Amino acid sequence: MTTIGLIIVGDEILSGKRTDKHLPKVIELLSARGLELAWAEYVGDSPDRITATLKRAFASGDIVFSTGGIGATPDDHTRQCAAKALGVELELHPEAEALIRERMQDTAGEQGVPYEADRPDNVHRLNMGVFPKGASIIRNPYNKIPGFTVGDVHFVPGFPVMAGR
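Next up, the structure:
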């Protein structure tokens, strides 16, 4: 039987500033498929702790979902920690880049302003598509900013509405 785990990343969860909604949602989604969650772990935004947690996840042989820390803010370290845990470099995933650029174009259109690809904030947003080498993307129907998968470890945003169903 497949063992399934969940890692929830973020100081905002541990401090109580945000309530974790991933754990109950993952339990609900797995249950609807006749599956169950075997373990869950919360970790703050400490790169050393995230890296150690991800090393265990990659080595476990379990199917693991990791939520949070994949954005482009200074406290988002999960992408970098995943690469470090795997011993690989980070790279801008071409499909992720295309999706992020599409999202930025959509946003500019909604705001009635021209899309400027080289504007510093738009260039910075491309960091959300920088994944460990060899990763594949997880599409995000909510806002097109993808998550990623390496092996049996799947990384999704920290907001359940963006993490998929």
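Heads up: the sequence shown begins at 2 in the numbering used here, then just goes up one per residue.
For every residue, glycine included, the Cβ atom is placed at its ideal position computed from N, Cα and C.
Quick caveat, the model's predicted, so the values are computed rather than measured.
Query: Nearest candidate by alpha-carbon position, reference Asp76, set Ile14, Thr3, Lys56; Result: Ile14
Query: Simplified DSSP state of Ala41, which is helix, strand or coil; Result: strand
Query: The stretch 147 to 161 touching the stretch 94 to 114, judged by at least three CB pairs closer than 8 Å; Result: yes
Query: Arg166 versus Gly135 - alpha carbon distance; Result: Any reading at Arg166 must be qualified, since the residue scores a pLDDT of 48, below 50, and its modelled position is unreliable; the value itself is stated next. Cα to Cα, Arg166 sits roughly 24 Å from Gly135.
Query: Where the beta strand (DSSP E) containing Val151 begins and where it ends; Result: 148 to 151
Query: Inter-residue spacing [alpha-carbon to alpha-carbon] between Val44 and Gln81; Result: 15 Å
Query: Helix, strand or coil at Val114 according to DSSP, with G and I counted as helix; Result: coil
Query: DSSP three-state assignment for Ser137, whether helix, strand or coil; Result: strand
Query: Cβ neighbour criterion (16 or more within 10 Å) applied to Pro133; Result: buried
Query: C-beta contact flag for Val124 and Phe66 at 8 Å; Result: no
Query: Three-state secondary structure (DSSP) of Glu92; Result: strand
Query: Backbone CA spacing between Arg19 and Thr79 [nearest angstrom]; Result: 18 Å
Query: Exposure label - Met2; buried when at least 16 CB within 10 Å; Result: exposed
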